[in-house]
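Novice: First the structure, then my questions, so here it is.
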Amino acid sequence: MIATAVRHRRTRPRRLAQRRIETRFRTLVSPHQLNTRRGRTIYWIVLVGMVVAFTAIFMFPLYWMVTGALKAPEELDQIPPTLVPQDPSFDAYIEAWNLLDLGLLLKNTAIYAVGAWLFTLAVDVSAAFALSKLRPMFGKLITGMMLATLMIPPMVLMLPLFVTIVDLDLLNSPWAIWLPAAANGFNIFLLKRFFDSIPRELIEAAEMDGASPARILWSIVLPVSRPILGVVSIFTVVAVWKDFLYPLLVLPDTDSMTVSVAINSLSQTMPTNALTAALVIASIPTIVIFLFFQRHIMAGLTAGSLKG
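Here our numbering is used: the first residue of the sequence shown is 1259, the next is one more, and so on.
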């Protein structure tokens, strides 16, 4: 019995340590199994299979849109559909460009998006800097009221916004797009969270050197805020580019329409493949912007969560 008790005391720490390891790595596959050749093989097969499957699911609509414009109208309406165009042709893209005057529509939409981007940066950056670093009276109350506006559905604000645009005689004017896009509570919140992470010592050192708030914003805050500025820029440009209902109300003139409104207005008189080609052309700018600035999205959204 004494030998059994001694053996039990010796093996008890070992079992406790093993139990701690099992509790720490309580997963479907243990680290020991992953270190074996069979475990690594299964791991990579599952990982590659999941990545390929999800990539195919998300990319298939884009593939279907691009290849649909290469098909003839009869083939595009064929049931069951064909995955690969039998006789691919770019005639639908040329027809859509000439029929819709996509050059003018893309130019209009680009003007609206760039103007909204400039006004958004000017207004939202200033507001976020004031709420974060200048700390005005009732700043927390203002921030709370600003965030409360995010709870209001956009459709509820559509009618009073349209009436305001009509009263100001801004129909068919770029200002009808630029002014409402300038103040965005969500963008101000993102910028404020990022500005809060900038060390206070930098601001105080600049103030001791006699720098004004405008100088501090331009020379200190903006240079270190490129990630979040990239995120806000992407959100603003894409939101204006893809918006449909609001431009439909405030830009009724054909010469001032955005590309999404014009495509919808002429969709009933266009062949199916030409309509699909127009959608592809209208989507290219936003896809290029996303691919070019995608690294800024996660960098900007996560940088504000780190202090110091």
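All residues carry an ideal CB built from backbone N, CA and C; glycine is no exception.
Which runs of the beta strand (DSSP E) spanning at least 3 residues fall entirely within the region 1429–1488, listed in chain order?
Specialist: Segments of the beta strand (DSSP E) lying fully in the region 1429–1488: there are none.
Novice: Mind checking whether Gly1326 and Thr1527 have CB atoms under 8 Å apart?
Specialist: Contact flag unset, no.
Novice: DSSP three-state label for Ala1256, please.
Specialist: This structure does not reach residue 1256, given that the chain is present from 1259 up to 1566, and the question cannot be answered.
Novice: So the alpha helix (DSSP H) Lys1391 belongs to, where does it begin and stop?
Specialist: Lys1391 -> no alpha helix (DSSP H), and no H or E assigned at all.
Novice: Below 8 Å on the Cβ atoms is my guess for Thr1530 versus Lys1500; work out the distance and round it to an integer in Å.
Specialist: About 22 Å separates the two Cβ atoms, so there is no contact after all.
Novice: Report yes if the C-beta distance between Leu1524 and Thr1516 is below 8 Å; otherwise report no.
Specialist: For Leu1524 and Thr1516, no; Cβs fall outside 8 Å.
Novice: Using the C-alpha atoms, what's the distance from Gln1344 back to Phe1550?
Specialist: For Phe1550 and Gln1344, the distance between alpha carbons rounds to 33 Å.
Novice: Quick one, which of Leu1362, Lys1450, Met1466 and Leu1417 has its alpha-carbon nearest Leu1503's?
Specialist: Ranking the options by Cα distance to Leu1503, first place goes to Leu1417.
Novice: Have a look at Val1421, Leu1448, Leu1341 and Asp1359 and flag the residue whose alpha-carbon is nearest the alpha-carbon of Ile1492.
Specialist: Nearest option by C-alpha distance: Leu1448.
Novice: Output the boundary residues of the alpha helix (DSSP H) element that contains Met1413.
Specialist: Residues Pro1412 to Asp1425.
Novice: Phe1452: buried (16+ other C-beta within 10 angstroms of its C-beta) or exposed?
Specialist: By the neighbour-count rule (16 or more Cβ atoms within 10 Å), Phe1452 is buried.
Novice: Let's test the definition: count the other Cβ atoms within 10 Å of the Cβ of Ala1380 and tell me whether it reaches 16, buried, or not, exposed.
Specialist: The residue is exposed, with fewer than 16 neighbouring Cβ atoms inside 10 Å.
Novice: Name the residue from Phe1396, Ser1390 and Thr1367 whose alpha carbon lies nearest to the alpha carbon of Ile1242.
Specialist: Given a span of 1259 to 1566 for the chain in the structure shown, any question on residue 1242 remains unanswerable.
Novice: Excluding the 5 residues flanking Pro1394 on each side, which residues of the same chain have their C-beta closer than 8 Å to its C-beta?
Specialist: Excluding positions up to five away in sequence, the list reads Ala1388 and Ile1400.
Novice: Helix, strand or coil: which one does DSSP assign to Phe1551?
Specialist: Helix at Phe1551.
Novice: Per the contact definition of three or more C-beta pairs closer than 8 Å, is the region 1401–1421 in contact with the region 1343–1363?
Specialist: Cβ pair count under 8 Å is below three, so no.
Novice: Under DSSP, the alpha helix (DSSP H) around Ser1347 begins and ends at which residues?
Specialist: It is not in any alpha helix (DSSP H) - Ser1347 carries neither H nor E in the DSSP assignment.
Novice: Three or more C-beta pairs under 8 Å: does that hold for the region 1430–1440 against the region 1369–1378?
Specialist: Yes, since at least three Cβ pairs between the region 1430–1440 and the region 1369–1378 fall closer than 8 Å, the two stretches touch.
Novice: Quick check: what's the CA-CA separation for Leu1419 versus Glu1332?
Specialist: Computed Cα separation, rounded: 44 Å.
Novice: For the candidate residues Ala1540, Ala1532 and Asp1454, whose alpha-carbon lies nearest to that of Lys1329?
Specialist: Selected option, being the one with the closest Cα: Ala1532.
Novice: Looking at C-alpha atoms only, which residue of Ala1536, Lys1398 and Pro1319 is the closest neighbour of Asn1356?
Specialist: Taking only the C-alpha atoms, the option nearest Asn1356 is Ala1536.
Novice: Taking C-alpha atoms, which residue in Ala1439, Val1310, Tyr1301 and Met1404 lies nearest to Val1495?
Specialist: When only C-alpha atoms are compared, the closest one is Ala1439.
Novice: Tell whether a beta-carbon distance below 8 Å holds between Val1498 and Tyr1351.
Specialist: No, Cβ-Cβ distance for Val1498 and Tyr1351 is not below 8 Å.
Novice: Throw me the rounded Cβ distance for the Ile1456 and Val1490 pair, which I believe falls under 8 Å.
Specialist: Their Cβ separation, rounded to whole angstroms, is 16 Å, which puts Ile1456 and Val1490 out of contact at 8 Å.
Novice: Between the C-alpha atoms of Lys1398 and Leu1405, what's the straight-line distance to the nearest angstrom?
Specialist: If you take the alpha carbons of Lys1398 and Leu1405, they lie about 11 Å apart.
Novice: Output needed for Leu1392: all residues of its chain with C-beta closer than 7 Å, excluding positions within five of it in sequence on either side, in chain order.
Specialist: Hits under 7 Å: Pro1471.
Novice: With a threshold of 6 Å on Cβ separation, who are the neighbours of Gly1562 within its own chain once the five nearest residues in sequence on each side are excluded?
Specialist: Confidence is the limiting factor: at Gly1562 the pLDDT is only 48, short of 50, which leaves the residue's position unreliable, though a coordinate-based value still follows. Within the same chain, Gly1562 has close Cβ partners Arg1451, Phe1452 and Ser1455.
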